[in-house]
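In the UniProt record's numbering, the protein residues as written are 1 to 150.
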């Protein structure tokens, strides 16, 4: 997102947002924020209908998701404080969900190994039954006497 759009979201002036960023440059590495080139800014301006009067005198900054989150910790507006608190709560919820997911995964693995052993025993018994040759039992049914067959 562009600095002017973020300034509106955080309810501060663009100038204030950029000052806060410049005071805290160590918090904004290249993957958090970068300044648009003249060519990129020209393309961006051509996408939006803007007045030729006034306008920016410097190239805008663009922020990634991480940069937007970091902005909430360096700005002093009430909105930025609310965003920062919401982010912290979201991180805590995510950590809790991951922990619960790990616990569930362990439980499923435990059940799988338990039932795998039981199924293995059943399959072994079935294979044993199949492998055993039938014993010489009397046939069931009507048997013709030897003299009548001829």
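In this text, a Cβ means the ideal position worked out from N, Cα and C, and glycines have one as well. All of these numbers come straight from a predicted model, not from anything done at the bench.
Residue i, buried or exposed, once every other Cβ within 10 Å from all chains shown has been counted against 16
{"i": "residue 123", "result": "exposed"}
{"i": "residue 8", "result": "exposed"}
{"i": "residue 33", "result": "buried"}
{"i": "residue 3", "result": "buried"}
{"i": "residue 142", "result": "exposed"}
{"i": "residue 17", "result": "buried"}
{"i": "residue 80", "result": "buried"}
Whole-angstrom distance between residue j and residue i, CA atom to CA atom
{"i": "residue 106", "j": "residue 119", "result": "20 Å"}
{"i": "residue 41", "j": "residue 59", "result": "7 Å"}
{"i": "residue 109", "j": "residue 31", "result": "38 Å"}
{"i": "residue 20", "j": "residue 83", "result": "16 Å"}
{"i": "residue 13", "j": "residue 25", "result": "18 Å"}
{"i": "residue 116", "j": "residue 145", "result": "52 Å"}
{"i": "residue 64", "j": "residue 28", "result": "10 Å"}
{"i": "residue 45", "j": "residue 68", "result": "22 Å"}
{"i": "residue 61", "j": "residue 111", "result": "53 Å"}
{"i": "residue 104", "j": "residue 66", "result": "30 Å"}
Segment limits, beta strand (DSSP E) that includes residue i
{"i": "residue 34", "result": "33-35"}
{"i": "residue 61", "result": "61-63"}
Endpoints, the alpha helix (DSSP H) within which residue i is located
{"i": "residue 91", "result": "78-131"}
{"i": "residue 56", "result": "Neither: residue 56 is in no alpha helix (DSSP H) and is coded neither H nor E."}
Q: Could you tell me whether the segment 28-40 touches the segment 79-94, where touching means 3 or more Cβ pairs closer than 8 Å?
A: Too few Cβ pairs lie closer than 8 Å, so no.
### Query
Contact between the segment 91-99 and the segment 65-80: three or more CB pairs below 8 Å?
Segments in contact, no.
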